[in-house]
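Trainee:
2 protein chains.
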Amino acid sequence: MNAHAPRYRTLDMPGILALLSGLPDIAARLGGDGAQWTICEVSDGNLNNVFVVDGPHGGVCVKQSLPYVRVDPSWKMPLDRTFFEASYLRDIHPLVPGLTTRCLHFDPDLFVLVVESLSGHTVYRTALMAGAQWPRVVPDIATFVARATFGTSVLCAPFEHVFERQAVYARNTTLRRITLDLVLDDPYHDHPRNHWDDRRLDDVVGRIRASCTVRRVVDGLRLRFLTCPQALLHGDLHTGSIMATATDTRVIDGEFAIYGPIGFDCGMFVGNLVLRRFADPSPDAGRACVHDIHRFWNGFVAEFTRQWATAHPTPSDPSGPCAFFLPDAADASSRGERTPGPSQDPLQDLPPGRAAFLRAVFEDMVGYAATEIIRRIIGYAHTADFDVIPTHEARTVRRRAALVFAYGLLCHHGTHDGVNAAFGALAGQGEVE
Amino acid sequence: MNAHAPRYRTLDMPGILALLSGLPDIAARLGGDGAQWTICEVSDGNLNNVFVVDGPHGGVCVKQSLPYVRVDPSWKMPLDRTFFEASYLRDIHPLVPGLTTRCLHFDPDLFVLVVESLSGHTVYRTALMAGAQWPRVVPDIATFVARATFGTSVLCAPFEHVFERQAVYARNTTLRRITLDLVLDDPYHDHPRNHWDDRRLDDVVGRIRASCTVRRVVDGLRLRFLTCPQALLHGDLHTGSIMATATDTRVIDGEFAIYGPIGFDCGMFVGNLVLRRFADPSPDAGRACVHDIHRFWNGFVAEFTRQWATAHPTPSDPSGPCAFFLPDAADASSRGERTPGPSQDPLQDLPPGRAAFLRAVFEDMVGYAATEIIRRIIGYAHTADFDVIPTHEARTVRRRAALVFAYGLLCHHGTHDGVNAAFGALAGQGEVE
Numbered sequence: 005m006n007a008h009a010p011r012y013r014t015l016d017m018p019g020i021l022a023l024l025s026g027l028p029d030i031a032a033r034l035g036g037d038g039a040q041w042t043i044c045e046v047s048d049g050n051l052n053n054v055f056v057v058d059g060p061h062g063g064v065c066v067k068q069s070l071p072y073v074r075v076d077p078s079w080k081m082p083l084d085r086t087f088f089e090a091s092y093l094r095d096i097h098p099l100v101p102g103l104t105t106r107c108l109h110f111d112p113d114l115f116v117l118v119v120e121s122l123s124g125h126t127v128y129r130t131a132l133m134a135g136a137q138w139p140r141v142v143p144d145i146a147t148f149v150a151r152a153t154f155g156t157s158v159l160c161a162p163f164e165h166v167f168e169r170q171a172v173y174a175r176n177t178t179l180r181r182i183t184l185d186l187v188l189d190d191p192y193h194d195h196p197r198n199h200w201d202d203r204r205l206d207d208v209v210g211r212i213r214a215s216c217t218v219r220r221v222v223d224g225l226r227l228r229f230l231t232c233p234q235a236l237l238h239g240d241l242h243t244g245s246i247m248a249t250a251t252d253t254r255v256i257d258g259e260f261a262i263y264g265p266i267g268f269d270c271g272m273f274v275g276n277l278v279l280r281r282f283a284d285p286s287p288d289a290g291r292a293c294v295h296d297i298h299r300f301w302n303g304f305v306a307e308f309t310r311q312w313a314t315a316h317p318t319p320s321d322p323s324g325p326c327a328f329f330l331p332d333a334a335d336a337s338s339r340g341e342r343t344p345g346p347s348q349d350p351l352q353d354l355p356p357g358r359a360a361f362l363r364a365v366f367e368d369m370v371g372y373a374a375t376e377i378i379r380r381i382i383g384y385a386h387t388a389d390f391d392v393i394p395t396h397e398a399r400t401v402r403r404r405a406a407l408v409f410a411y412g413l414l415c416h417h418g419t420h421d422g423v424n425a426a427f428g429a430l431a432g433q434g435e436v437e
Numbered sequence: 005m006n007a008h009a010p011r012y013r014t015l016d017m018p019g020i021l022a023l024l025s026g027l028p029d030i031a032a033r034l035g036g037d038g039a040q041w042t043i044c045e046v047s048d049g050n051l052n053n054v055f056v057v058d059g060p061h062g063g064v065c066v067k068q069s070l071p072y073v074r075v076d077p078s079w080k081m082p083l084d085r086t087f088f089e090a091s092y093l094r095d096i097h098p099l100v101p102g103l104t105t106r107c108l109h110f111d112p113d114l115f116v117l118v119v120e121s122l123s124g125h126t127v128y129r130t131a132l133m134a135g136a137q138w139p140r141v142v143p144d145i146a147t148f149v150a151r152a153t154f155g156t157s158v159l160c161a162p163f164e165h166v167f168e169r170q171a172v173y174a175r176n177t178t179l180r181r182i183t184l185d186l187v188l189d190d191p192y193h194d195h196p197r198n199h200w201d202d203r204r205l206d207d208v209v210g211r212i213r214a215s216c217t218v219r220r221v222v223d224g225l226r227l228r229f230l231t232c233p234q235a236l237l238h239g240d241l242h243t244g245s246i247m248a249t250a251t252d253t254r255v256i257d258g259e260f261a262i263y264g265p266i267g268f269d270c271g272m273f274v275g276n277l278v279l280r281r282f283a284d285p286s287p288d289a290g291r292a293c294v295h296d297i298h299r300f301w302n303g304f305v306a307e308f309t310r311q312w313a314t315a316h317p318t319p320s321d322p323s324g325p326c327a328f329f330l331p332d333a334a335d336a337s338s339r340g341e342r343t344p345g346p347s348q349d350p351l352q353d354l355p356p357g358r359a360a361f362l363r364a365v366f367e368d369m370v371g372y373a374a375t376e377i378i379r380r381i382i383g384y385a386h387t388a389d390f391d392v393i394p395t396h397e398a399r400t401v402r403r404r405a406a407l408v409f410a411y412g413l414l415c416h417h418g419t420h421d422g423v424n425a426a427f428g429a430l431a432g433q434g435e436v437e
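Below, the structure written as structure tokens:
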């Protein structure tokens, strides 16, 4: 099946149960014996088989790579993606223990990953489409991105450690190639993988593709995606990669993990919040969206700078981390630990070097959010957000408005002085164009 | 001697000859038999043993890593640096065949590297100190940097190929750590490795270290050095890493090879041109220095953009390189192949995306040039340039002027609109301060 994995075979449900029976820690977690376990296939993403197994004491979630894309078996793909997901969970779980699921087991021959199962959680995109208003999710994701990125960057650890980790994820070329092509390339020219179901989007697509500014900005984002390994990214942090309840938030599906610009994870998440807003054009949804983006960005900045302030760097220790952008004495005395209100610029009181670093993350966030919006409407992999809109006509109007908004973000990329400048228009009444 | 290299031993001259006798290709290149060969130790750099071996037909240069720093045996060091030099030569020789030396053999147990020997070449720093005026060197180095960096970047090759190469050099942590510490860290605070021999420099050193702007700029350069792997760099491209005659230029000593920002190689070279100018404060030297920096930067831009224009990217081929910053139709028609004159901005007629990319390289060049000047005067490894100045008094005056100049570059970093803005003052009469 795969030259590099001679023992690989795609497991059916009895095969999964047999595998788990042979893993004492997992069997103990499930409790009872195999005859008492139930298994249910819950494959939902585009790539892998996923099963939930429950026993008398508890449950686990089992994920296996297929040698092809699950939703398109003609698209062959190496098996190593669950390896990268397992590595990602092992690397970030200590940094964000309550915000993801723990890796319990990884089988390097079968490419089977076993993680804690979640109970009562819903895919956040689905919950949003059903009208859920869960106030924890946005700040939790802000904390997740801040801790997982800071903790895997050279801001926190000696570069020797970071580079070792980076070398692992540098081999995740299959999924990096997919993101590069599907998110940052295909939508900007004719490609058979692109699709949209209404010719009334053609003129906006044409304008986006004809714009020299858009092409230059997207080229820059593509280049940064490849040559700016600031931190370990989730790499696919849309609202479908989040499982939540009203009080608990977990990030899942880390197989796209790579080193890259921190603003990529921020932008994926924000882009999906914006897609949601265009699928529900009520004024309330608009205001809530802008409020959420403020809360996300301010929460991210607050947590990232908190991590930075407490990293206790020791520049004189050559094996220790580098003390990047230490506050000057003057900064330190004027700085507090407060989180700025939603209308304040969270960067204004930071030491200038740290503010400049985070301003670049903000620019990336805005740019990658725009590319995420565009590719989810005209690229290969759309999202379900717009499916709840009753008429084809209305879906087209709203998708069109989202495209126009993203087009504007790219046209003015680099000039947005904060969340309001980039996203404030989303709070406008009714349709946004 | 080294846990990872059980067969390693430091070879004496008979040992080198015995090793070469066992290598048929090398023996044939030398000609005759071993008894007719002469060997001469020419170790000159800080790190390794170097020998030149000559036979009736030709010569080779032999370099062996020591398990310590050659000039300071108490400073232990892994042996792998000749491995990285051999890899660098193999990677870049096809890109710059006449501008470096070919790797003829590498012994992974003894960490012995054999390269083509050069005949009649002088270390460029030494030649400059003796008053040589060789017009080929500066444009040759411009071409070298442009081709070696473009050809190893994602601008030229699919990222999958680039990342494989990058993973090799990511392991060159020993020498990256040395650059990070000795060039970009130690000089900016008290460290026992720093030294200078005249207390009359103390006040400038104090000003440099007390400046919040300098600290922020140097922090930014340090961070880019670690998180901006644009291309494969030589990593130590000072005038002592260049062997030249009036008509031939070769870059040697690639053991510091790493992926990093392209402006680092540019800045190392330019910083050493500036050091040379301060060691010879005649108006002629000043004008020549500014002229050389113009020729270097314009030559680099011309060659880099020529490579970019002829890379024939095929964006629709997913395994092909990415077409970054393709010229718009309007750009393409107005662009020529001319190299701008020394007073023209070489970026002015480029497609905007390419101009922006190269503007960032320019900023890096200026910043790293400044850090190179500073560390060569107050850091661990000084250069010989100032040694030809007859009096201690005059040496101090000129080193002080160089420090003040570099301090100015850092204070205004990011605001220099081209070579004249950054370096034009060097053409002033007599002493520069």
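Residue numbers (this note's numbering), protein chains in the order written: chain A, 5 to 437; chain B, 5 to 437. Just so it is clear, CB atoms sit at the ideal spot from N, CA and C, and this is done for glycine as well. Remember, predicted model here, so these are calculated numbers, not experimental data.
#1: Do residue 143(A) and residue 300(A) have their CB atoms nearer than 9 angstroms?
#2: Give a yes or no on whether 9 angstroms exceeds the smallest Cβ distance from residue 119(A) to chain B.
#3: The alpha helix (DSSP H) that contains residue 311(A), what's its start and end?
#4: Compute the Euclidean distance between the alpha carbons of residue 149(A) and residue 296(A), then round it to the nearest angstrom.
#5: Taking 9 angstroms as the threshold (beta carbon to beta carbon), is residue 166(B) in contact with chain A?
#6: At 8 angstroms on the CB atoms, spell out the chain A contacts of residue 328(B), in chain order.
#7: Please name the residue in 387(A), 194(A) and 261(A) whose C-alpha comes closest to that of residue 169(A).
#8: Flag this pair as yes or no: are the beta carbons of residue 91(A) and residue 266(A) separated by less than 9 angstroms?
#9: State yes or no: is the C-beta of residue 67(B) within less than 9 angstroms of the C-beta of residue 117(B)?
#10: If you draw a straight line from the C-alpha of residue 49(B) to the C-alpha of residue 69(B), how long is it?
#11: For residue 65(B), is the classification buried or exposed, using 16 other Cβ atoms within 10 angstroms of its Cβ as the cut-off for buried?
#12: When you compare only the Cα positions, how much space is there between residue 392(B) and residue 399(B)?
#13: Quick one: using the 10 Å Cβ neighbour count with 16 as the cut-off for buried, is residue 341(B) buried or exposed?
#14: Between which two residues does the alpha helix (DSSP H) containing residue 69(B) stretch?
#15: Can you give me, in chain order, the residues of the segment 228 to 262 of chain A that have a beta carbon less than 7 angstroms from any beta carbon in chain B?
#16: So what does DSSP say about residue 235(A), is it helix, strand or coil?
#17: What distance in whole Å lies between the Cβ atoms of residue 302(A) and residue 350(A), which are believed to be in contact at a cut-off of 8 angstroms?
#18: Taking CB distances under 9 angstroms as the criterion, tell me whether residue 91(A) reaches chain B.
#19: Since residue 220(B) meets chain A, which of its residues come closer than 7 angstroms, beta carbon to beta carbon?
#20: Report the residue from 219(B), 173(B) and 52(B) whose alpha carbon sits nearest the alpha carbon of residue 71(B).
#21: Work out the CA separation of residue 179(B) and residue 17(B) for me, nearest whole Å.
#22: How would you write the range of the alpha helix (DSSP H) that residue 356(B) sits in, first residue to last?
#23: So the beta strand (DSSP E) residue 254(A) belongs to, where does it begin and stop?
#24: Taking the beta strand (DSSP E) that residue 263(B) falls in, what are its first and last residues?
#25: Determine, using beta carbons only, whether residue 270(A) comes closer than 9 angstroms to chain B.
#26: On the DSSP bridge list, what partners appear for residue 248(B)?
#27: Compare the Cα-Cα distances from residue 61(B) to each of 14(B), 110(B) and 34(B) and report the closest residue.
#28: Counting only C-beta atoms, is residue 279(A) closer than 9 angstroms to chain B at any point?
#29: Got a sec: is the Cβ-Cβ distance from residue 184(B) to anything in chain A below 9 angstroms?
#30: On the premise that residue 373(A) lies in contact with residue 290(A), defined as a C-beta separation below 8 angstroms, what is that separation, rounded to the nearest angstrom?
#31: Compare the C-alpha of residue 405(B) against each of 58(B), 429(B), 417(B) and 416(B) and name the closest.
#32: For the candidate residues 381(B), 431(B), 44(B) and 12(B), whose alpha-carbon lies nearest to that of residue 201(B)?
#33: Do you know offhand how far residue 228(A)'s Cα is from residue 356(B)'s?
#34: At a Cβ threshold of 9 angstroms, is residue 163(B) touching chain A?
#35: If the cut is a Cβ gap below 7 angstroms, which residues of chain B does residue 171(A) touch?
#36: Going by the beta-carbon positions, is the gap between residue 269(B) and residue 387(B) smaller than 9 angstroms?
Mentor: The answer reads as follows:
#1: Residue 143(A) sits at position 139 when you count from the first residue of the first sequence. Residue 300(A) sits at position 296 when you count from the first residue of the first sequence. Against a cut-off of 9 angstroms, the Cβ pair of residue 300(A) and residue 143(A) comes out as a contact.
#2: Taking the first residue of the first sequence as 1, we reach residue 119(A) at position 115. Answer no: the Cβ-Cβ gap between residue 119(A) and chain B never drops below 9 angstroms.
#3: Position 307 of the first sequence, counted from the first residue, corresponds to residue 311(A). Segment 287 to 313, the alpha helix (DSSP H) holding residue 311(A).
#4: In the first sequence, counting from the first residue as 1, residue 149(A) sits at position 145. In the first sequence, counting from the first residue as 1, residue 296(A) sits at position 292. Between residue 149(A) and residue 296(A), the C-alpha separation is close to 15 angstroms.
#5: The sequence position of residue 166(B) within the second sequence is 162, counting from 1. Cβ-Cβ to chain A under 9 angstroms: yes for residue 166(B).
#6: In the second sequence, residue 328(B) corresponds to position 324, counting from 1. Here the neighbours are 223, 226 and 227.
#7: Within the first sequence, numbered from 1, the residue matching residue 169(A) stands at position 165. When only C-alpha atoms are compared, the closest one is 261(A).
#8: Looking up residue 91(A) in the first sequence gives position 87. Looking up residue 266(A) in the first sequence gives position 262. No, the Cβ-Cβ distance between residue 91(A) and residue 266(A) is not below 9 angstroms.
#9: Taking the first residue of the second sequence as position 1, residue 67(B) is located at position 63. Taking the first residue of the second sequence as position 1, residue 117(B) is located at position 113. Yes; because the gap between Cβ atoms is below 9 angstroms, this pair is in contact.
#10: As a working mapping, residue 49(B) is identified with position 45 in the second sequence. As a working mapping, residue 69(B) is identified with position 65 in the second sequence. Near 11 angstroms, if we compare the C-alpha coordinates of residue 69(B) and residue 49(B).
#11: Here residue 65(B) refers to the residue found at position 61 of the second sequence. Buried, since its Cβ has 16 or more Cβ neighbours within 10 Å.
#12: Against the second sequence, residue 392(B) aligns to sequence position 388. Against the second sequence, residue 399(B) aligns to sequence position 395. One C-alpha to the other measures close to 9 angstroms.
#13: As a position in the second sequence, residue 341(B) is number 337, starting the count at 1. Because residue 341(B) carries a pLDDT of 48, less than 50, the predicted location of this residue cannot be relied on, and the following value inherits that uncertainty. Its Cβ having fewer than 16 others within 10 Å, residue 341(B) is exposed.
#14: Translated into positions along the second sequence, residue 69(B) becomes position 65. No alpha helix (DSSP H) contains residue 69(B), which DSSP labels as neither H nor E.
#15: 230, 231, 232, 233 and 234
#16: In the first sequence, residue 235(A) corresponds to position 231, counting from 1. DSSP places residue 235(A) in strand when its eight states are reduced to three.
#17: For the purposes of this step, residue 350(A) is taken as residue 346 along the first sequence, with counting starting at 1. For the purposes of this step, residue 302(A) is taken as residue 298 along the first sequence, with counting starting at 1. With 8 angstroms as the limit, residue 350(A) and residue 302(A) qualify as a contact, their Cβ atoms being about 5 angstroms apart.
#18: Position 87 of the first sequence holds residue 91(A). Output row for residue 91(A): interface = no.
#19: Counting from 1 along the second sequence, the entry for residue 220(B) is found at position 216. Here the neighbours are 329, 356 and 357.
#20: Mapped onto the second sequence, residue 71(B) falls at position 67. When only C-alpha atoms are compared, the closest one is 52(B).
#21: For the purposes of this step, residue 17(B) is taken as residue 13 along the second sequence, with counting starting at 1. For the purposes of this step, residue 179(B) is taken as residue 175 along the second sequence, with counting starting at 1. Roughly 26 angstroms between the two C-alpha positions.
#22: As a first step, residue 356(B) is located in the second sequence; it is residue number 352 there, counting from the start. Segment 356 to 382, the alpha helix (DSSP H) holding residue 356(B).
#23: Here residue 254(A) refers to the residue found at position 250 when the first sequence is read from its first residue. Here the beta strand (DSSP E) through residue 254(A) covers 253 to 255.
#24: The residue you call residue 263(B) lines up with position 259 of the second sequence. 262 to 264 is the extent of the beta strand (DSSP E) around residue 263(B).
#25: Here residue 270(A) refers to the residue found at position 266 of the first sequence. Cβ-Cβ to chain B under 9 angstroms: no for residue 270(A).
#26: As a first step, residue 248(B) must be located in the second sequence, where it is residue number 244. BP columns for residue 248(B) point to 126(B) and 253(B).
#27: In the second sequence, the residue the question calls residue 61(B) occupies position 57. Residue 34(B) is the option with its Cα nearest to residue 61(B).
#28: Along the first sequence, read from residue 1 onward, the residue named residue 279(A) stands at position 275. Output row for residue 279(A): interface = no.
#29: Within the second sequence, residue 184(B) is the residue found at index 180, counting from 1. At least one chain A Cβ lies under 9 angstroms of residue 184(B).
#30: Here residue 290(A) is taken as the residue at index 286 of the first sequence, counted from 1. Here residue 373(A) is taken as the residue at index 369 of the first sequence, counted from 1. Between residue 373(A) and residue 290(A) the Cβ distance is about 16 angstroms, and since that is not below 8 angstroms, they are no contact.
#31: Looking up residue 405(B) in the second sequence gives position 401. Closest by alpha carbon: 429(B).
#32: The count along the second sequence starts at 1 and reaches residue 201(B) at position 197. When each option's Cα is compared against that of residue 201(B), the closest is 381(B).
#33: Start at 1 with the first residue of the first sequence, and residue 228(A) comes out as number 224. Start at 1 with the first residue of the second sequence, and residue 356(B) comes out as number 352. Roughly 17 angstroms between the two C-alpha positions.
#34: Here residue 163(B) refers to the residue found at position 159 of the second sequence. It does; some Cβ of chain A falls within 9 angstroms.
#35: Within the first sequence, the letter at position 167 stands for residue 171(A). Result: 171 and 174.
#36: Here residue 269(B) is taken as the residue at index 265 of the second sequence, counted from 1. Here residue 387(B) is taken as the residue at index 383 of the second sequence, counted from 1. No. Outside cutoff.
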